[in-house]
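Residue numbers (my numbering), protein chains in the order written: chain A, 1 to 114; chain B, 1 to 112. Remarks on the structure that follows.
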Amino acid sequence: DSGVTQTPKHLITATGQRVTLRCSPRSGDLSVYWYQQSLDQGLQFLIQYYNGEERAKGNILERFSAQQFPDLHSELNLSSLELGDSALYFCASSVDDRDYQPQHFGDGTRLSIL
Amino acid sequence: AQSVAQPEDQVNVAEGNPLTVKCTYSVSGNPYLFWYVQYPNRGLQFLLKYITGDNLVKGSYGFEAEFNKSQTSFHLKKPSALVSDSALYFCAVRDIRGQLTFGSGTQLTVLP
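As structure tokens, then:
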């Protein structure tokens with residue numbers, strides 16, 4: 001068990017809808033990262049937050065947004081959903097934002113768009 | 001931009017034999033390199049990392065990796081494979097902006 005909790009585990013919704021994925025980092029971890037894993041794109045970094053502030057941005061669509069709250073949990077909001085957004089979304093956390101710190105991953109939220 | 005290549009989609013090895021999962025990288029500056037393993041329906045688990053120092057890095061579950069700067073490689077190794085090692089393995093490199101770039105993954109199957 002990595003200590004990173006993601007909810008829900010599965011989410012099924014329709015095109016055009018909006019969903020929110022939630023992540024609770026390991027106790028004491030200040031950095032949270034979001035990734036998307038799909039068969040065609042592989043594992044793609046989306047965004048990183050450190051202690052409530054956005055720290056790095058990757059291949060995140062404008063329809064997607066995230067935030068990290070004072071209690072350090074994070075939410076990833078996906079809107080105007082398209083079929084291609086179907087994927088496994090992972091959250092990871094690390095102690096701080098130093099580059100050599102390993103990231104610890106949750107078990108993901110599987111998003112299916114019908 | 002940094003990149004990671006895992007040239008083998010699939011590696012099969014007999015239980016008890018040594019295993020190697022290959023990884024090459026391209027990054028500006030000093031590389032921070034990682035190996036992760038993913039079991040079905042689970043998130044990635046950290047195995048080991050190379051930051052600096054000894055080229056042979058030891059990690060979890062008996063795995064180790066050899067950093068080779070001249071060949072820009074970071075191959076994952078284990079002296080004696082177990083059936084339970086069967087999983088998807090990812091190599092990753094982290095740059096100074098904090099982004100972790102993953103390879104495409106290598107499915108390791110250890111045959112009994």
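No residue lacks a Cβ here, since even glycine has one placed at the ideal position from N, Cα and C.
C-beta contact flag for residue i and residue j at 8 Å
| i | j | result |
| --- | --- | --- |
| residue 66 of chain A | residue 77 of chain A | yes |
| residue 170 of chain B | residue 100 of chain A | Given a span of 1 to 112 for chain B in the structure shown, any question on residue 170 of chain B remains unanswerable. |
| residue 113 of chain A | residue 15 of chain A | yes |
| residue 22 of chain A | residue 75 of chain A | yes |
| residue 19 of chain B | residue 58 of chain B | no |
| residue 111 of chain B | residue 8 of chain B | no |
| residue 23 of chain B | residue 67 of chain B | no |
| residue 105 of chain B | residue 4 of chain B | no |
| residue 93 of chain A | residue 40 of chain A | no |
| residue 47 of chain A | residue 53 of chain A | no |
| residue 84 of chain A | residue 2 of chain A | no |
| residue 100 of chain B | residue 45 of chain A | yes |
Any chain B beta carbon closer than 8 Å to residue i
| i | result |
| --- | --- |
| residue 156 of chain A | As shown, chain A starts at 1 and ends at 114. That puts residue 156 of chain A outside it, with no answer to give. |
| residue 10 of chain A | no |
| residue 56 of chain A | yes |
| residue 104 of chain A | yes |
| residue 90 of chain A | yes |
| residue 108 of chain A | yes |
| residue 2 of chain A | yes |
| residue 67 of chain A | no |
| residue 36 of chain A | no |
| residue 29 of chain A | no |
| residue 49 of chain A | no |
Test: residue i CB closer than 8 Å to a CB of chain A
| i | result |
| --- | --- |
| residue 16 of chain B | no |
| residue 49 of chain B | yes |
| residue 32 of chain B | yes |
| residue 108 of chain B | no |
| residue 43 of chain B | yes |
| residue 28 of chain B | no |
| residue 100 of chain B | yes |
| residue 80 of chain B | no |
Backbone secondary structure at residue i - three-state DSSP
| i | result |
| --- | --- |
| residue 117 of chain A | Residue 117 of chain A is absent from the structure shown; chain A starts at 1 and stops at 114. |
| residue 42 of chain A | strand |
| residue 83 of chain B | helix |
| residue 61 of chain B | helix |
| residue 72 of chain A | coil |
| residue 111 of chain A | strand |
| residue 44 of chain B | strand |
| residue 83 of chain A | helix |
| residue 6 of chain A | strand |
Buried/exposed call for residue i, threshold 16 Cβ in 10 Å
| i | result |
| --- | --- |
| residue 89 of chain B | buried |
| residue 103 of chain A | buried |
| residue 79 of chain B | exposed |
| residue 87 of chain B | buried |
| residue 96 of chain A | exposed |
| residue 25 of chain B | buried |
| residue 53 of chain B | exposed |
Problem - Complete beta strand (DSSP E) runs within the segment 3–42 of chain B (minimum length 3 residues, chain order) - result: 3–5, 10–14, 19–21, 24–26 and 32–38
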